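This report refers to the structure that appears directly beneath it.
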Amino acid sequence: MHHPSKMERGMILGERYRIERKLGEGGMSCVYLAEDLKLPGKKWAVKESVTQPGMFQTVQAEAELLTTLSHARLPRIVDFFQPDEAGYTYMVMDYIHGMTLDKYLRGYKGHLTADFIHQLAHQLLEVLGYLHSHQPPVVFRDLKPSNIMLTEEMEVRLIDFGIARSYKQERNEDTVKLGTVGFAAPEQYGGGQSDARSDLYGLGALLLFLTTGGKYSEWFTGVEQHIRRDISKGMLPVMRKLLQHQPEFRYQSAEEVAQALSTAGNDQRSTSKARAAGTLVTAVLGTSPGVGTTHSCITIGHFLARRYSKVALVEMGTGRAAFTRIQEIAEGAPTGSVRKFSINGIDYWRQTSRGDVISVLAGDYDAVVLDLGTYRDSERLEEFLRADVPIIIGSAAEWRQHDVLTLARMLARHDQPNRVYALPLASSSAVQQLRKSLGGSKVVAIPLHRDPFEMSLEAEKAMEIIYEGFLLHKERKKRFRFAWG
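Numbering that gives the first Met the number 0 applies: residue 0 is where the sequence shown begins, and numbers increase by one.
What follows is the structure in structure tokens.
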């Protein structure tokens, strides 16, 4: 922010909003997290803007614009404070718990799965379609990574409507040229008025940026060589058409783009299935600590090792310690700096970062089991959603089945036909009750087996139910045992 902020921690705005901390800043504004004193526990985002001469109308226009909009992917504005004697205005809106796409990209070094990019595009098209069908149509005009929020459930929210505007049919050209270089359409710099097709150009620039690892956002001859190989070939003509210099040569509506991407998505799913035939990826996610996620992962891994030649168990998260203890037991000595170790021919990867997970998945394993631990962040969710066999481990206790149902509701918006809910030590009645509550989803009881490295007949039957339709059959004997004290 070019002007000093007037907000400090503990200050109270409008006798209601207590400032807790700064969330971000840029240009002529700062955004703060605030607690609602009238609604204890409720958090809001407070945007502080400086209104220099001639700027107040811009800030007020943003507030008035947002009050007319109502969509799940847009923030609600709940309060607005007109400029004080120093020209500072304050807008109170929904606090979106998550991170910007820009920050997300920096955390993952630009790597996103092809499925994630496809889902992101459809979510953006959903909200752009709403804005463009508004009366009058609303043009966002700044579709860049820092203006896109991702919630903990990986849902998109558009933020910062500072340069959005209503389309005026009688105007031939924008009065003010605004937009981020590299993501804004050519007409935003002169020669025409921005409209819905300008946002579609911005979407194309964003997709190209994501699929080239953050290198390019404008189409040029030969850019195809820089697009990741795991991106469906059907995506290329979509991006090329979105990025046409002349608006009349682009798609004319968000609905047209969505239809074209759906066709490309079918190609992508076919490509994903072909890759899955080479490596079977299982992701195991616990509903809460102590439900037996790691124990179940080891059982699954050694079950798969009876049928596949090369299997890896990956402990995702650099701060976890379960695999460290296993390595110490297996090797009879404290662990060193090498995080990969083997038991009976199975590779274990302990305390694995997100970047290393990608490397393991790109390797030559026949099957990979990801121990995601307890659901807590977006990177675990992404790996869970991309897995061939996603498994949720929950407690069979009746008073803890709420944890399973809560996580199931959070994941309901993601289509995963192969998702399995596994309950260690569950009775048949508990399985039936949860299956009914989940609308017929696959629910499997995992029987008692103290040593996950030795497969009991009952545990093997449970594993076969989980992996029905996925397995090759090639038996191998395992001999490693835990020494239980």
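Glycine residues also receive a C-beta, built at the ideal position from the N, C-alpha and C atoms.
Keep in mind the model is a prediction, meaning the values are calculated, not measured.
Proximity below 7 Å, CB of V443 to CB of L433: no
When we look at the beta-carbon of L12 and count the other beta-carbons within 10 Å, is it buried (16 or more) or exposed? buried
Whole angstroms is fine: what's the gap from E152's alpha carbon to Q415's? 15 Å
Going by the CB atoms, is the gap between G86 and T50 shorter than 7 Å? yes
How close, in whole Å, do the beta carbons of L157 and L202 come, if the pair is a contact with beta carbons under 8 Å? Not quite, the Cβ-Cβ distance comes to about 12 Å (not below 8 Å), so this is no contact.
Taking Cβ positions only, does F302 come closer than 7 Å to chain C? Checking the listed chains, one finds no chain C in this structure; it contains a single protein chain.
Please give me, in chain order, every unbroken run of the beta strand (DSSP E) with length at least 3 that falls completely inside the region 22-98. 28-35, 42-49, 76-80 and 87-93
May I ask you to list the residues that DSSP assigns as paired with D141? The partner list for D141 (beta bridge, DSSP) is empty, contrary to what the question assumes.
Please name the residue in I147, V290 and D159 whose C-alpha comes closest to that of A62. D159
For A44 versus Y103, is the C-beta spacing smaller than 7 Å? Their beta carbons are not under 7 Å apart, which means A44 does not touch Y103 by this criterion.
Assumed close pair L501, M315 - CB separation to whole angstroms, cut-off 8 Å: One cannot answer for residue 501 here, as it falls past the ends of the chain, which runs 0 to 484.
Hey, V290 and G300: beta-carbon distance below 7 Å or not? no
Provide the residue span of the alpha helix (DSSP H) that contains K460, from first to last. L456 to I465
With DSSP collapsed to three states, give me the class of M409. helix
Where S358 and A113 are concerned, what is the direct C-alpha to C-alpha distance, given to the nearest angstrom? Going from the Cα of S358 to the Cα of A113 covers about 16 Å.
Could you tell me which residues DSSP puts in a beta bridge with T210? Answer by DSSP bridge pairing: none, since T210 is not bridged.
If we count Cβ pairs, one from each stretch, closer than 8 Å, do we get three or more for the region 343-350 versus the region 278-289? no
Can you list, in chain order, the residues of its chain with a C-beta nearer than 8 Å to that of M10? Leave out the 5 residues immediately preceding and following it. R17 and I18
Let me confirm a value: R8 is counted as buried when at least 16 other C-beta atoms fall within 10 Å, else exposed. Which label applies? exposed
Could you say which of V367, L384 and A366 lies nearest to Y374 if we only look at CA atoms? Nearest C-alpha to Y374 among V367, L384 and A366: L384.
Residue environment, F139, which counts as buried when at least 16 other CB atoms sit within 10 Å: It is buried - the Cβ of F139 has at least 16 other Cβ atoms within 10 Å.
From the DSSP output, read off the bridge partner residues of D370. V283 and E314
Neighbourhood of D365 by C-beta distance below 6 Å, restricted to the same chain and skipping five residues each side: If we look at D365 and ignore the five residues flanking it on each side, its Cβ neighbours are Y307, S308 and K309.
Rounded C-alpha distance that separates S48 from R20: S48 and R20 have their alpha carbons spaced roughly 16 Å apart.
Leaving out five residues on either side along the sequence, give the residues of the same chain with a beta carbon under 6 Å from the beta carbon of Y466. none
Looking only at DSSP bridge pairs, what is L149 linked to? M98 and V155
Could you check which residue in R75, T88 and G40 has the C-alpha nearest to that of S28? T88
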